[in-house]
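Quick notes on the structure that follows.
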Amino acid sequence: MRMRRKKHGAERIAACSEILIENPSVPAVSPQVYFQTEKPICLEIGCGKGDFAVGMSSKHPESNWIAMERVPDVACLALEKAMNHKDERPDNLRFLIGDARNLSEWFLPHSVDAIYLNFSDPWPKKGYAKRRLTHEGFLELYRSVLREGGMLYLKTDNEGLFDFSLEQFAVCGLEIVWQSRDLHASEKAADNVMTEYERNFSSKGQVIFSAWVKF
Ligand SMILES: C[S@@+](CC[C@H](N)C(=O)[O-])C[C@H]1O[C@@H](n2cnc3c(N)ncnc32)[C@H](O)[C@@H]1O
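According to my numbering, the sequence shown is numbered sequentially starting from 22.
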């Protein structure tokens, strides 16, 4: 996500420090340490402006949510959205500004219950396949931090990325427990929390692809 540099970005991020995982612990720890109450950990990678993480953490208080975003100016908007969402600060939502490549440096093996990838950058050029967040290199990284039986939830508008992801799931021997080439027309539509990209794409008539994968 490209974005013009935010004025006072660092100060604005600092003002949200109570819901930000600043300097995530190295060596790795259980992500439970960032919450007051132990609950299943759901991790969104590439949260963008935060609609999904704010919506899901509010809808699912039975889980702890971590929203990761590598671009600080984008994370700033997500943080401010979460801070202003309700009168009370969400106690089951934390943000981490960083790159998913470093996941295993921060989180202990098998300490995460579910990973969400929403409208990840498709990197359409063949030479950039390794950058796709569903490339087998990333899937093996997710395998190391997810508990056995943990889930990956994928949504995308990009059919090329979707087909590539299905191939990569097969390469890694992962079980696809559910998939749809039109999420919004499926039985899962009623429970779906939309992201910014999703709202934008679907308002233009674009179908949304989705897969649920078990590790
Ligand atoms: C196309 S945007 C989608 C944003 C949001 N999920 C949505 O659906 O509206 C993808 C986001 O993922 C972030 N991202 C891409 N690769 C990442 C990585 N390796 N680690 C963390 N964030 C990443 C980008 O900075 C960008 O904000």
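Don't be surprised by glycine CBs; every beta carbon is placed ideally from N, CA and C.
Values in this document were obtained by computation on a predicted structure and should not be read as measured data.
Assumed close pair residue 216, residue 72 - CB separation to whole angstroms, cut-off 8 Å: In the sequence shown, counting from the first residue as 1, residue 216 sits at position 195. In the sequence shown, counting from the first residue as 1, residue 72 sits at position 51. Confirmed, about 6 Å.
Beta-carbon gap between residue 114 and residue 45 smaller than 8 Å: What you label residue 114 is simply residue 93 of the sequence shown in a count that begins at 1. What you label residue 45 is simply residue 24 of the sequence shown in a count that begins at 1. No, these two residues do not count as a Cβ contact at 8 Å.
Residue 224 classed as buried or exposed, judged by whether at least 16 other C-beta atoms fall within 10 angstroms: Position 203 of the sequence shown, counting from 1, holds the residue named residue 224. The residue is exposed, with fewer than 16 neighbouring Cβ atoms inside 10 Å.
Environment of residue 135 [buried if 16+ CB atoms lie within 10 Å]: As a working note, residue 135 is residue 114 in the sequence shown. Buried, because 16 or more other Cβ atoms sit within 10 Å of the Cβ of residue 135.
Distance between beta carbons of residue 157 and residue 198, contact taken as under 8 Å: Residue numbering aside, residue 198 sits at position 177 when the sequence shown is read from its first letter. Residue numbering aside, residue 157 sits at position 136 when the sequence shown is read from its first letter. The pair is not a contact, with the Cβ atoms about 19 Å apart (cut-off 8 Å).
Contact under 8 Å by Cβ, residue 200 with residue 160: Along the sequence shown, one-based indexing puts residue 200 at 179. Along the sequence shown, one-based indexing puts residue 160 at 139. No, these two residues do not count as a Cβ contact at 8 Å.
Buried or exposed by the 16-neighbour rule on C-beta atoms within 10 Å, applied to residue 133: For the purposes of this step, residue 133 is taken as residue 112 along the sequence shown, with counting starting at 1. Classification of residue 133: buried, given that the 10 Å Cβ count is 16 or more.
contact_flag[the segment 61-72, the segment 94-108] where n(CB pairs < 8 Å) is 3 or more: yes
Distance cut-off 7 Å: residue 121 Cβ against heavy atoms of ligand 1: Mapped onto the sequence shown, residue 121 falls at position 100. Residue 121: yes, Cβ under 7 Å from ligand 1.
CB-CB length for residue 175 against residue 231, believed under 8 Å: On the sequence shown, residue 175 is found 154 positions in, with the first residue counted as 1. On the sequence shown, residue 231 is found 210 positions in, with the first residue counted as 1. Rounded, the Cβ-Cβ distance is 6 Å, consistent with contact.
Through-space distance from residue 209 to residue 187, alpha-carbon basis: Here residue 187 refers to the residue found at position 166 when the sequence shown is read from its first residue. Here residue 209 refers to the residue found at position 188 when the sequence shown is read from its first residue. Spanning the two alpha carbons is a distance of roughly 19 Å.
Residue 116 - containing beta strand (DSSP E), residue span: Position 95 of the sequence shown holds residue 116. Residue 116: member of the beta strand (DSSP E) spanning 114-118, first to last residue.
Beta strand (DSSP E) runs wholly inside the segment 35-122, at least 3 long, in chain order: If we require 3 residues or more, the beta strand (DSSP E) runs fully inside the segment 35-122 come out as 62-66, 85-90 and 114-118.
Start-end ranges of the beta strand (DSSP E) lying completely within the segment 156-212, minimum 3 residues: 167-177 and 196-201
Bridge partners - residue 137, DSSP secondary structure assignment: Taking the first residue of the sequence shown as 1, we reach residue 137 at position 116. In the DSSP output, where bridge partners are listed per residue, residue 137 has 65 and 174.
Spatial distance of residue 42 from residue 123 (CA atoms): Sequence index remark: in the sequence shown, residue 42 carries index 21 (1-based). Sequence index remark: in the sequence shown, residue 123 carries index 102 (1-based). Their backbone Cα atoms lie some 14 Å apart in a straight line.
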